[in-house]
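Chemist: Residue 214 in my numbering is what sits at position 22 of the sequence shown, and the numbering runs on without skipping anything. Have a look at this one.
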Amino acid sequence: MDETDISFFKDGFRLDGRRADQLRPVKIEVGVLARADGSCYIEMGGNKVIAAVYGPREVHPRHLQEVTRAIVRYRYNMASFSVEERKRPGPDRRSYELSKVSREALEPVILTTYFPRSVIDVFVEVLQADAGTRTAGINAAAVALADAGIPMKSMISSCAAGKVADTIVLDPMKEEDNFGQADLPIAMTPGGEITLMQMDGGLTREEFHQAVEMAMKGARDIYEIQRNALVDKYSQLEAPAEEVKACE
Numbered sequence: 193m194d195e196t197d198i199s200f201f202k203d204g205f206r207l208d209g210r211r212a213d214q215l216r217p218v219k220i221e222v223g224v225l226a227r228a229d230g231s232c233y234i235e236m237g238g239n240k241v242i243a244a245v246y247g248p249r250e251v252h253p254r255h256l257q258e259v260t261r262a263i264v265r266y267r268y269n270m271a272s273f274s275v276e277e278r279k280r281p282g283p284d285r286r287s288y289e290l291s292k293v294s295r296e297a298l299e300p301v302i303l304t305t306y307f308p309r310s311v312i313d314v315f316v317e318v319l320q321a322d323a324g325t326r327t328a329g330i331n332a333a334a335v336a337l338a339d340a341g342i343p344m345k346s347m348i349s350s351c352a353a354g355k356v357a358d359t360i361v362l363d364p365m366k367e368e369d370n371f372g373q374a375d376l377p378i379a380m381t382p383g384g385e386i387t388l389m390q391m392d393g394g395l396t397r398e399e400f401h402q403a404v405e406m407a408m409k410g411a412r413d414i415y416e417i418q419r420n421a422l423v424d425k426y427s428q429l430e431a432p433a434e435e436v437k438a439c440e
């Protein structure tokens, strides 16, 4: 099967009914793990991803300590049951690569100098994969960091654009990712500072600029969802105190 075997558009809409510039549905829950310092569960289309943050805490072994800052460790893992063909348990070359680029996407906004000789551990587990697990993981990890109270300059939001049937589309789903012509994931701050950009496939100069602009717009939309999820959680925690004050 190749791209010519699939009709990606019908009456101007994609296989899942979206327009070219439309995100998949995004759902975010904050604080889903009681034993983590911060956690987040996210659904982006068919992706289901959970992130947990532990720290800042003491580094073991101690020779890994940095005297002037905390180190950030990011572990991305796909569960064996997350894909249609069962995946071999444990890390592989792809998970090491995604762990590295995801850490590098988040590290610029984390105020690591506040916690010398410490470590901040971020664990991202993909429970169900449907293309875009890298971006979903970064989005979940950023919210989990905020939930853990880790000081950050800003939130990080991540989204991808792709090229399918000579058309630039936002947030490609599995079929578009598998049989499309290009994929371009980014991560960025709300102010537009890009901390991650990768590309697989071929784009013309004009298509590249269009894809970047589309992915940035998607990331801004995801930022609003991240922000609202955090506000919803912490406004609920503050409500009892406000009620007590009102009773007094």
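Ideal placement from N, C-alpha and C gives every residue a C-beta, glycine not left out. Bear in mind that the values here come from a model prediction, so they are computed numbers and not experimental data.
1. When we look at the beta-carbon of Gly394 and count the other beta-carbons within 10 Å, is it buried (16 or more) or exposed?
2. Going by C-alpha distance, which of Pro281, Ser272 and Ile242 is nearest Lys219?
3. Can you tell me whether Gly204 is buried or exposed, with buried defined as 16 or more other CB within 10 angstroms of its CB?
4. Where does Pro248 fall in DSSP's three states?
5. Per DSSP, Lys292 is paired with what?
6. Does the beta-carbon of Phe315 have 16 or more other beta-carbons within 10 angstroms, so that it is buried, or is it exposed?
7. Using the C-alpha atoms, what's the distance from Gln418 back to Lys345?
8. Quick check: the Cα distance between Gly329 and Val318, rounded to an integer number of angstroms?
9. For the pair the region 300-314 and the region 200-217, tell me if three or more CB-CB distances fall below 8 Å.
10. By DSSP, does Thr305 sit in helix, in strand, or in coil?
11. Which value, in whole angstroms, describes the spacing of the CA atoms of Val361 and Gln373?
12. Our contact map puts Ser350 next to Ala297 with C-beta atoms below 8 Å; I'd like the distance itself, whole angstroms only.
13. Within 8 Å of any Cβ in chain C, is that where the Cβ of Arg261 sits?
14. Please go through the region 201-257 and give each complete beta strand (DSSP E) segment of 3 or more residues, from N-terminal end onward.
15. Using the three-state DSSP reduction, which class does Lys345 fall into: helix, strand or coil?
16. Pro248 to Ala338, Cα distance in whole Å?
17. Kindly identify the DSSP beta-bridge partner or partners of Arg261.
18. Work out the CA separation of Ile386 and Ala332 for me, nearest whole Å.
19. Quick check: the Cα distance between Val301 and Arg261, rounded to an integer number of angstroms?
20. In the structure shown, what three-state DSSP assignment does Gly329 receive?
21. Quick check on Glu235: buried or exposed, where buried means 16 or more other Cβ atoms within 10 Å of its Cβ?
22. Helix, strand or coil for Gly372, going by three-state DSSP, please let me know.
23. Residue range of the beta strand (DSSP E) that Ser310 falls in?
Modeler: In this structure, then:
1. Here residue 394 corresponds to residue number 202 of the sequence shown, with the count starting at 1. Exposed: under 16 other Cβ atoms inside 10 Å.
2. Residue mapping note: residue 219 aligns to position 27 of the sequence shown, counting from 1. Taking only the C-alpha atoms, the option nearest Lys219 is Ile242.
3. By 1-based counting over the sequence shown, the position of residue 204 is 12. Classification of Gly204: exposed, given that the 10 Å Cβ count is below 16.
4. Here residue 248 refers to the residue found at position 56 of the sequence shown. In the three-state reduction of the DSSP assignment, Pro248 falls in the strand class, which pools E and B.
5. On the sequence shown, position 100 is the one that residue 292 refers to. Per the DSSP secondary-structure output, Lys292 pairs with nothing in a beta bridge.
6. For the purposes of this step, residue 315 is taken as residue 123 along the sequence shown, with counting starting at 1. Buried.
7. Residue mapping note: residue 345 aligns to position 153 of the sequence shown, counting from 1. Residue mapping note: residue 418 aligns to position 226 of the sequence shown, counting from 1. One C-alpha to the other measures close to 15 Å.
8. Counted from its first residue, the sequence shown places residue 329 at position 137. Counted from its first residue, the sequence shown places residue 318 at position 126. Distance between the alpha carbons of Gly329 and Val318 is about 8 Å.
9. The region 300-314 and the region 200-217 do not touch, with fewer than 3 CB-CB distances between them shorter than 8 Å.
10. Counting from one through the sequence shown, the residue named residue 305 turns up at place 113. Under the three-state reduction of DSSP, Thr305 is assigned to helix.
11. The count along the sequence shown starts at 1 and reaches residue 361 at position 169. The count along the sequence shown starts at 1 and reaches residue 373 at position 181. Approximately 11 Å, taken between the alpha carbons.
12. Residue 350 sits at position 158 when you count from the first residue of the sequence shown. Residue 297 sits at position 105 when you count from the first residue of the sequence shown. About 7 Å separates the Cβ atoms of Ser350 and Ala297, confirming a contact at the 8 Å cut-off.
13. In summary, chain C is missing from the structure at hand, where a single protein chain is found.
14. 218-222, 230-236 and 239-250, all fully within the region 201-257.
15. Here residue 345 refers to the residue found at position 153 when the sequence shown is read from its first residue. It is coil, neither helix nor strand.
16. For the purposes of this step, residue 248 is identified with residue 56 of the sequence shown, where counting begins at 1. For the purposes of this step, residue 338 is identified with residue 146 of the sequence shown, where counting begins at 1. Near 13 Å, if we compare the C-alpha coordinates of Ala338 and Pro248.
17. Here residue 261 refers to the residue found at position 69 of the sequence shown. Per DSSP, none; premise fails for Arg261.
18. In the sequence shown, the residue the question calls residue 332 occupies position 140. In the sequence shown, the residue the question calls residue 386 occupies position 194. The alpha-carbon of Ala332 is positioned some 17 Å away from that of Ile386.
19. Translated into positions along the sequence shown, residue 301 becomes position 109. Translated into positions along the sequence shown, residue 261 becomes position 69. Rounded to whole angstroms, Val301 to Arg261 spans 13 Å at the Cα level.
20. Within the sequence shown, the letter at position 137 stands for residue 329. The DSSP-derived three-state label of Gly329 is helix.
21. Looking up residue 235 in the sequence shown gives position 43. Glu235 is buried by the Cβ-count criterion.
22. Walking along the sequence shown from the start, residue 372 turns up at place 180. The three-state secondary structure of Gly372, taken from DSSP, is coil.
23. One-based indexing of the sequence shown puts residue 310 at position 118. Element bounds for Ser310: Ser310 to Gln320.
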